[in-house]
Amino acid sequence: MAERHQVIIVGGGPVGVGMAVELGLRGIDCVVVGRHEEPQHLPKGQNLTQRTLEHFYFWGIVDQLRNARLMPMGYPIGGVTAYGDMMSEHWYAPQGREVVRNFYFEKNDRLPQYQTEAVLRERLKDLPSVTTLFGWTVETVEQDANGVTVTIGETEGAARKGGRYEWAGLCLKD
Ligand SMILES: Cc1cc2nc3c(=O)[nH]c(=O)nc-3n(C[C@H](O)[C@H](O)[C@H](O)COP(=O)(O)OP(=O)(O)OC[C@H]3O[C@@H](n4cnc5c(N)ncnc54)[C@H](O)[C@@H]3O)c2cc1C
Numbered sequence: 000m001a002e003r004h005q006v007i008i009v010g011g012g013p014v015g016v017g018m019a020v021e022l023g024l025r026g027i028d029c030v031v032v033g034r035h036e037e038p039q040h041l042p043k044g045q046n047l048t049q050r051t052l053e054h055f056y057f058w059g060i061v062d063q064l065r066n067a068r069l070m071p072m073g074y075p076i077g078g079v080t081a082y083g084d085m086m087s088e089h090w091y092a093p094q095g096r097e098v099v100r101n102f103y104f105e106k107n108d109r110l111p112q113y114q115t116e117a118v119l120r121e122r123l124k125d126l127p128s129v130t131t132l133f134g135w136t137v138e139t140v141e142q143d144a145n146g147v148t149v150t151i152g153e154t155e156g157a158a159r160k161g162g163r164y165e166w167a168g169l170c171l172k173d
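Structure follows, in structure tokens:
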């Protein structure tokens with residue numbers, strides 16, 4: 000069995016999946032290869048800026064993203080600034096975002112990166128030109144004058160795929 004794609008995206012984090020959404024909305028045939036079947040529960044990527052939310056608006060996922068936040072609506076989402084030690088006086092600091100608020104048409108938000116990734120992955124399901132290979136790891140990437148050859152291995156298994164991107168299209172073969 001052989002698959003042909005215009006683009007291969009290595010990495011299923013927010014950048015890779017975001018790129019797949021962007022390409023998919025334009026009908027560009029692409030495959031995104033991500034090491035993990037599910038987003039990893041790591042404490043990172045909490046703050047999403049107004050500009051990021053503007054991208055999500057054009058990707059049609061602002062409501063889904065805001066619904067995925069863990070902090071209840073109405074709670075402050077800035078950082079806590081403490082002076083001295085953690086028992087000292089402290090207060091919520093808005094981190095200056097209110098200064099730039101009027102330059103954007105979406106508010107910033109705060110949620111764990113794995114929640115954002117889940118929303119982005121869900122969006123891919125409605126984009127027929129995007130193929131997802133979550134649970135697969137790109138093992139080698141070799142480039143010559145005419146294209147790129149990649150090999151892909153199942154992260155938790157023994158299966159392998161090899162493929163070649165010939166500038167005009169990627170060919171993935173079992
Ligand atoms: C502690 C911490 C706090 C942070 N806080 C914020 C914040 O508040 N706001 C903010 O905007 N940013 C924050 N960041 C930065 C943010 O997490 C990164 O900018 C973001 O993760 C980058 O996304 P990415 O998709 O490029 O990379 P990653 O999120 O690293 O995703 C890359 C993906 O590719 C996969 N991968 C790697 N190699 C392969 C391979 N060979 N084959 C297949 N898949 C592969 C990985 O498993 C991973 O899923 C924080 C980062 C850290 C570490």
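Mapped onto numbering that gives the first Met the number 0, the consecutive letters of the sequence shown carry residue numbers 0 to 173. By construction, the Cβ of each residue, glycine as well, lies at the ideal position given by its N, Cα and C atoms.
So, is residue i buried or exposed, given that buried needs 16 or more other C-beta atoms within 10 angstroms?
| i | result |
| --- | --- |
| VAL137 | buried |
| GLY11 | buried |
| GLY73 | exposed |
| ALA19 | buried |
| THR139 | exposed |
If you draw a straight line from the alpha carbon of residue i to that of residue j, how long is it in whole angstroms?
| i | j | result |
| --- | --- | --- |
| ALA157 | LYS106 | 45 Å |
| LEU71 | GLN39 | Here the sequence assigns Pro to residue 71, which means Leu is not the residue at that position. Using only the alpha carbons, I get a separation of about 22 Å. |
| THR115 | ARG50 | 15 Å |
| GLU121 | GLY59 | 11 Å |
| TYR56 | ARG65 | 11 Å |
| ALA133 | PHE102 | First, the residue type needs correcting, since residue 133 is Phe and not Ala in the sequence shown. Going by the C-alpha atoms only, they are around 37 Å apart. |
| ARG159 | LEU52 | 37 Å |
| LYS124 | ASN46 | 25 Å |
| LYS43 | ALA67 | 15 Å |
Which residues in the same chain have their Cβ closer than 8 Å to the Cβ of residue i, if we skip the five residues on either side of it in sequence?
| i | result |
| --- | --- |
| ASP27 | Note on identity: in this sequence residue 27 is Ile, with Asp being the wrong assignment. For ILE27, where only same-chain residues beyond five positions count, the Cβ hits under 8 Å are GLN5, VAL6 and SER128. |
Among the residues of its own chain, which have a CB less than 6 Å from the CB of residue i, if the five just before and after it don't count?
| i | result |
| --- | --- |
| GLN63 | VAL118 |
| ARG34 | THR136 and THR154 |
| GLU36 | PHE133 and GLY134 |
With H, G and I counted as helix, E and B as strand and the rest as coil, what does DSSP make of residue i?
| i | result |
| --- | --- |
| GLU155 | coil |
| THR48 | coil |
| LEU22 | helix |
| ASP108 | strand |
| LEU64 | helix |
### Query
Taking any heavy atom of ligand 1 as the mark, which residues have a C-beta closer than 6 Å to it, listed down the chain?
Here the residues come out as VAL9, GLY10, GLY11, GLY12, PRO13, VAL14, GLY15, VAL32, GLY33, ARG34, HIS35, LYS43, GLY44, GLN45, ASN46, GLN112, THR136 and VAL137.
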